[in-house]
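Enquirer:
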Amino acid sequence: MRRLVIRTVLIVVALALLTFAVPLGVVARFWFFDDEQRELEREALSAVTRVGPSFAAGDPVELAQLEADTNVAVYDQEGRRVVGSGPATLEEPLGVGVRAGSAVDGRFDGQVVVVVPVSANETVIAAVRASVPVATVWRRIILTWIAELILVLLALTATLLVARRQARLLSEPLEDLSAVSLRIADGDLTARARTSRIREIAQVAATQNFMVDRLSELLDRGRQFTLNASHQLRTPLAGLQLGLDGALDDPESGSEVLREHLRDSRRQVEELHRRLDDVLRLAGGREQHWSSGPSEPLADLLDRREKHWHGRFAAHGRIIRIDVATSVAGTLLPGQVLRQVLDALIDNSLRHGRGTLTVTGRELGDAAVLIDIADEGAMVLAPEDAFERGVSGADGSGIGLSVSRELVEAVGGRLLLSRTEPTTFTIVLTPPAPPIR
């Protein structure tokens, strides 16, 4: 921005100076020639007063001392120089005008010339010629133009200094706003923009600070709600888990089938406890938790998910199939995140999809692992809308896919809707590099 301000100011000032200086230079050229002709006329008229009526009878004439470049001479009726400096004979075009009794001026042979007739008894008895070289006048004009150019350069230099100062005054508050915005984007909600002496920028800074205050307040409310909801859920869950543990420990708790159902219910309660912990961590924005969690081999992780969901799919007359490429079967991946994401995607297929669900683990080049979750249904949403929070193609809440994408991105991966028919979600993960020994 500083360069833009400086460049704009310099262009505007340069155009203004040129608009003023060019016409002034043209006017100076004509003014110097006109002024020189007026000066020559004064010199010629001064010399005329020194020529007496008896000049034709040989009366001598004394001329005043003049500048080195100025020539003044007195000529007789025949156009011959009698006294002074100048050509030996008066130029014919000038002589014609003088004999007619009128003064003549103009430029002849590189000279600015003024010729004034001297009359006595209504008869022209002599002529006074005053001249100066045209180069002398041009030298004065060029010196004036150089002085103008120096003034223009001085004005541009002063403009540059003022423009740099003004650009700094304008840009520093905006640069501060940008730096504060980056800190806020990085999660530092304590960052606040400084005020500025420029009213408009100060208003923007105040608006941004107000916006951050409101965002902080809303985020705090959201975190408090999450904490309160999680706390309220923990108490009944803990009581339910204690009841299940007591029923399992009771030797008279019933048949083995009932005990198996009790054990399955206890596993579900434990899973709910883990989900609540993960929701709290996600609400706290602690992404480092996900990357530092325990890793599991891909094949083992998918096999456990198949066993977990096999019964539910069978109850709906559907099949869940796992297919893991040998090259990635032992690849260690963040198990905690993948369990949640896979459960969300598999549950989404169970509720909204149809046919066989196939979970495939494969390799993409040498650097990435792809996990495809595909069934035989069709997605009614566009790929760009599928992960929008609150958007659902059926009677869902529109939250699960959004949260799943956030979890995958928290471990440096990506979750994509790679195909809409058949519906295929793809998880792209980059396994951590093995430690250097």
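Just so you know, the sequence shown maps onto residues 1 to 437 in full-length UniProt numbering. For glycine and all other residues, C-beta sits at the position ideal for the given N, C-alpha and C. It should be emphasised that the depicted structure is a prediction, and the values quoted were computed from it without experimental measurement.
(1) Is Gly353 buried or exposed, if buried means 16 or more other CB atoms sit within 10 Å of its CB?
(2) Could you tell me whether the Cβ atoms of Val106 and Val124 are closer together than 8 Å?
(3) Based on Cα-Cα distance, which residue from Pro117, Gly110 and Glu91 lies nearest to Ala103?
(4) Using the Cα positions of Val115 and Val72, report the straight-line distance between them to the nearest angstrom.
(5) Going by Cα to Cα distance, which pick from Ala368, Arg3 and Val369 is closest to Glu172?
(6) Give a single yes or no on whether Gly311 has its beta carbon closer than 7 Å to a heavy atom of the ligand FMN.
(7) Indicate whether Thr89 and Gly79 have their beta-carbon atoms separated by less than 8 Å.
(8) Provide the residue span of the beta strand (DSSP E) that contains Asp372, from first to last.
(9) Tell me, please, whether the region 327-335 touches the region 377-387 by the rule of three or more beta-carbon pairs shorter than 8 Å.
(10) For Thr157, is the classification buried or exposed, using 16 other Cβ atoms within 10 angstroms of its Cβ as the cut-off for buried?
(11) For Ser349, report the span of its alpha helix (DSSP H) as first-last.
(12) Between the C-alpha atoms of Ser292 and Ala410, what's the straight-line distance to the nearest angstrom?
(13) Distance, Cα to Cα, Asp35 vs Leu63?
(14) Quick one: what does DSSP say Ala103 is sitting in, helix, strand or coil?
(15) For Glu92, count neighbouring Cβ atoms within 10 angstroms of its own Cβ and tell me buried if that reaches 16, exposed if not.
(16) Confirm, please, whether the CB-CB distance from Ile373 to Leu345 is below 8 Å.
(17) Are the CB atoms of Ala127 and residue 440 within a distance shorter than 8 Å?
(18) My understanding is that Glu323 touches Thr356, with C-beta atoms under 8 Å, so please give their C-beta distance in whole angstroms.
(19) Using the beta-carbon count (16 or more within 10 Å), is Thr423 buried or exposed?
(20) Taking the continuous alpha helix (DSSP H) assigned at Val13, which residues delimit it?
(21) Please name the residue, chosen from Phe30, Arg7 and Leu370, that lies closest to Thr159 on a Cα-to-Cα basis.
(22) Please go through the same chain and pick out, in chain order, the residues whose beta-carbon is closer than 6 Å to the beta-carbon of Pro435, but skip the five residues on each side of it.
Expert: Reading from the atomic positions:
(1) buried
(2) In the sequence as displayed, the identity of residue 106 is Gly instead of Val. The answer is no: Cβ separation not under 8 Å.
(3) Pro117
(4) 10 Å
(5) Arg3
(6) Within the structure as shown, the ligand FMN is missing, as the structure has no ligands at all.
(7) yes
(8) Ala368 to Ala374
(9) no
(10) exposed
(11) Gly335 to His352
(12) Only weak support exists for where Ser292 lies, its pLDDT of 48 falling under 50; the coordinates are left without a value.
(13) 22 Å
(14) coil
(15) exposed
(16) yes
(17) The question about residue 440 has no answer here: the residues shown for the chain are numbered 1 through 437.
(18) It is Asp, not Glu, that sits at residue 323 in the sequence shown. About 11 Å separates the two Cβ atoms, so there is no contact after all.
(19) buried
(20) Arg2 to Val48
(21) Arg7
(22) Summary for Pro435: the model assigns pLDDT 46, below 50, so the residue's position carries little reliability; its value from the coordinates is reported in the next sentence. Excluding sequence neighbours, Pro435 sits near nothing in its chain.
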